[in-house]
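Numbering (the numbering used here), first residue to last: 3 to 174. In this text, a Cβ means the ideal position worked out from N, Cα and C, and glycines have one as well. Computed from a prediction, not measured in an experiment: that's the story for all the values here. Notes to accompany the following structure.
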């Protein structure tokens with residue numbers, strides 16, 4: 003996308019990931035003067051401009067980083083507040099951690115607290131199953147951390163990796 007924005011002529015990118023970060027990059031490049039159509043679809047149409055311009059832009063909060071911190075709190079049976087965060091970007095993890103018994107509270111649109119403290123949640127967090135997939139599915143980049151969390155929960159869990167075939171090597 004970045005190279006095509008500066009290249010001469012038109013570029014069509016097919017089979018583009020529909021991940022939020024790709025869409026955010028397209029919005030940023032457009033703000034800088036790029037001509038990109040189709041953000042959020044499987045095809046992007048980019049007309050090279052030869053030059054881009056500076057711009058002020060706030061990139062979206064990193065959902066994988068936020069999810070990793072949430073899982074770290076759950077694994078260590080502690081509490082964490084995260085801000086800024088867009089809860090809708092990791093709703094699949096929020097739902098799973100809630101079902102496990104973690105207490106999750108949203109104080110504002112961009113602030114979330116995750117607690118796995120035994121006094122608030124009880125001593126035993128419950129297992130759940132996951133199957134990774136492209137957004138809005140469960141993020142494959144949170145699968146290893148989630149597996150570590152599930153190892154601390156009661157009962158067996160099923161982890162199915164459908165994005166990267168060799169990603170489960172850490173669990174064997």
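Can you look up residue i in the DSSP assignment and give me helix, strand or coil?
i	result
residue 151	helix
residue 130	coil
residue 78	coil
residue 99	helix
residue 21	coil
residue 71	helix
In this structure, what does DSSP give as the bridge partners for residue i?
i	result
residue 47	14 and 39
residue 167	Looking at the DSSP assignment, residue 167 forms no beta bridge with any residue, so it has no partner.
residue 83	115
residue 122	Answer is none; residue 122 lacks a bridge partner.
residue 142	Partner(s): none; residue 142 has no beta bridge.
Return the CA-CA distance between residue i and residue j, expressed in angstroms with no decimal places.
i	j	result
residue 149	residue 161	7 Å
residue 93	residue 11	39 Å
residue 152	residue 129	6 Å
residue 106	residue 37	40 Å
residue 104	residue 42	32 Å
residue 137	residue 14	22 Å
residue 155	residue 164	23 Å
residue 72	residue 110	17 Å
residue 125	residue 132	22 Å
residue 65	residue 22	9 Å
residue 100	residue 139	17 Å
residue 28	residue 59	12 Å
residue 74	residue 147	8 Å
Under the assumption that residue i contacts residue j (Cβ atoms under 8 Å), give the Cβ distance between them as a whole number of angstroms.
i	j	result
residue 87	residue 68	5 Å
residue 108	residue 51	The pair is not a contact, with the Cβ atoms about 40 Å apart (cut-off 8 Å).
residue 26	residue 3	With a Cβ gap of about 11 Å, residue 26 and residue 3 do not count as contacting.
residue 33	residue 57	4 Å
residue 46	residue 18	5 Å
residue 144	residue 95	6 Å
Original post:
Is the region 75–82 touching the region 114–126, taking contact as three or more C-beta pairs under 8 Å?
Top reply: yes
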